[in-house]
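2 protein chains.
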Amino acid sequence: MLTPERRPYRREAEDKRRQALIAATLSLVAEGGARIATVRAIAERAGVTAGLIRHYFQSKDSLIAASYRHVMERMTHESVAVLKAAPHDPQARLVAFVAASLRPPVVDRDALILWASFMQETKRDAAMLATHASTYLGFRDQLQGLIAALPQDRSAAELRQMAIACNAVIDGLWLEGSALPDAFAKGELVEIGVTAVGAILGLKLTNYMLFTGPF
Amino acid sequence: MLTPERRPYRREAEDKRRQALIAATLSLVAEGGARIATVRAIAERAGVTAGLIRHYFQSKDSLIAASYRHVMERMTHESVAVLKAAPHDPQARLVAFVAASLRPPVVDRDALILWASFMQETKRDAAMLATHASTYLGFRDQLQGLIAALPQDRSAAELRQMAIACNAVIDGLWLEGSALPDAFAKGELVEIGVTAVGAILGLKLTNYMLFTGPF
DNA sequence: TTGCTTGTTATTCATTTGGATAATTGGACA
DNA sequence: TGTCCAATTATCCAAATGAATAACAAGCAA
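Protein sequence lines, in the order shown, are assigned to chains H and X. With positions in the first sequence counted from 1, the corresponding number in my numbering is that position plus 135. With positions in the second sequence counted from 1, the corresponding number in my numbering is that position plus 135.
So this is what it looks like as structure tokens:
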């Protein structure tokens, strides 16, 4: 009689395990939508057994919500981080920000699937809706700050409208570029985005395209 | 001994039943995302029993795909239909088109949830991805046609870029307005959208705002 | 009125799902 | 090296899910 062998395992730090579970969740959702992200599939991809999920998260929904927060932070971080290395010239900073938002890894089919999958959950989960709202408004405020720094005199109302419009261009291009990656040439989204933002603001930003950063 | 009473029913035309099932599906998905749209919930909302779904659709996935096609057709139809009643002046037609895309029922939280829910499924279902691509490109072509009709001389490449940019503005504003209805004043999206599209095209479209249509 | 077709309901089934609980063992610490 | 806490696995469970099949009856046709 063979004794049934128990699966060997390693103990890990709490933070490491949480990150692994979140990463597994995001990987699965990006791969096939929320429906394939079952507790068992997540556990398997994270290299643990299903029961462990409830050791680190109150429920599956709690893990999902944590994953959403994680991905939204990652996305905005990518666009904002570029400002640290950006020059001080306001136009160049704006161009760098727009460009960073319109190329990988921000523009990415998997990122869109993640976004869509979580957006759908905002109907059931008020906390996830709040996460969405604060992420969106935070990004728009960032953009409005860049616009306000331009050498122009704008009223508060004008600033708000321009920020909304520029944000919309970025969001729309992000959406379409992520959903249909093959429909656009490399760098095309950045060029169109910078040009359009410039037109909305009444500036010729294309001169600053060299601050666009790497592809 | 009480004979178990069988639920009474009416026979309906095939088309009517299919429409009812699709409507029930959309209503559920919009209400709480794809996860609450189970065969039993759909059947209940449509006023039939679960088994009937498979009498009209090969599988649940087939019903989902049909529902997606239905909602996408409905959304683009709304924007395009306005052109039939629109004047012949190219600028006015463009404004009417943009405005129709940026107010209810196109801008609508439920519509966004539907869109997001189905977008996520495009990862598993190639047919649904194709539905998305043809809808997006169809809408953009429509827009490009309106831009080409303007009294300007544009190269094909310019036309393409402008159509992409204008489409992005519309998509972005639709997205944000649908996701956070309370973040924008009534008519604000239309005003911002028309202004931004005008800026991108180098036109002053705000004079044509009276062709914006009703709210 | 009487069949008959088939739209519709009822029942059943095998899986899957999220969660609860019990059993085990890794590894830090003495 | 031995002890012991808790991280982890293993097992179980009730509910839900999509689908298949059987039974029934609505309503048209003759």
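Each residue gets a CB set at the ideal place from its N, CA and C atoms; glycine is no exception.
Under 7 Å between C-beta atoms, does residue i make it to chain X?
i	result
Gly307/H	yes
Glu208/H	no
Met344/H	no
Lys195/H	no
So, using beta-carbon positions, are residue i and residue j closer together than 7 Å?
i	j	result
Val325/H	Ala234/H	yes
Leu163/H	Ala181/H	no
Tyr203/H	Met263/H	yes
Ala221/X	Arg228/X	yes
Ser252/X	Ala159/X	no
Ile327/H	Ala172/X	no
Use the C-beta contact count for residue i: other C-beta atoms within 10 angstroms, 16 or more gives buried, fewer gives exposed.
i	result
Asp258/H	With the sequence shown as reference, residue 258/H is identified as Lys, and Asp is not the correct amino acid for it. It is buried - the Cβ of Lys258/H has at least 16 other Cβ atoms within 10 Å.
Arg142/H	exposed
Glu149/H	exposed
Gly186/H	exposed
Asn342/X	exposed
Thr184/H	exposed
Ile305/H	buried
Glu256/X	buried
Ala292/X	exposed
How long is the line joining the alpha carbons of residue i and residue j, rounded to whole angstroms?
i	j	result
Ala334/H	His223/H	22 Å
Leu336/H	Gln154/X	46 Å
Val329/H	Met344/H	8 Å
Glu323/H	Trp250/H	23 Å
Gly167/H	Arg189/X	24 Å
Val174/H	Ser197/H	12 Å
Ala121/H	Ala261/H	Missing from the structure shown is residue 121/H; chain H here goes from 136 to 350 and no further.
Arg145/H	Arg152/H	11 Å
Pro193/H	Glu147/X	As written in the sequence, residue 193/H is Gln, which differs from the Pro given in the question. If I take the Cα positions, the gap works out to 47 Å.
Gln296/X	Leu338/H	18 Å
Lys195/X	Glu208/X	20 Å
Val230/X	Glu140/X	59 Å
Met136/X	Thr266/X	With a pLDDT of 47 at Met136/X, under the threshold of 50, the modelled position of this residue cannot be trusted, and the question is left open.
Val206/H	Leu247/X	20 Å
Closer than 6 Å: is that where the CB of residue i sits relative to any heavy atom of the ligand SAH?
i	result
Thr341/X	In terms of ligand content, the structure shown is empty, and the ligand SAH therefore cannot be addressed.
With a threshold of 7 Å between beta-carbons, can residue i be considered close to chain H, or not?
i	result
Val215/X	no
Leu168/X	Residue identity differs from the one stated: residue 168/X is Gly in this sequence, not Leu. Judged by the 7 Å Cβ criterion, Gly168/X is in contact with chain H.
Leu294/X	no
Ile282/X	no
Ala334/X	yes
Ala303/X	yes
Arg259/X	yes
Ser236/X	no
**OP:** Report yes or no: do the segment 310 to 323 of chain H and the segment 288 to 302 of chain H share at least 3 C-beta pairs separated by less than 8 Å?
**Re:** no
**OP:** Check whether the segment 265 to 285 of chain H touches the segment 268 to 284 of chain X, taking contact to mean three or more Cβ pairs, one atom from each stretch, closer than 8 Å.
**Re:** no
Subject >> Cβ contact (3+ pairs, closer than 8 Å) linking the segment 307 to 314 of chain H and the segment 225 to 242 of chain H >> reply: yes
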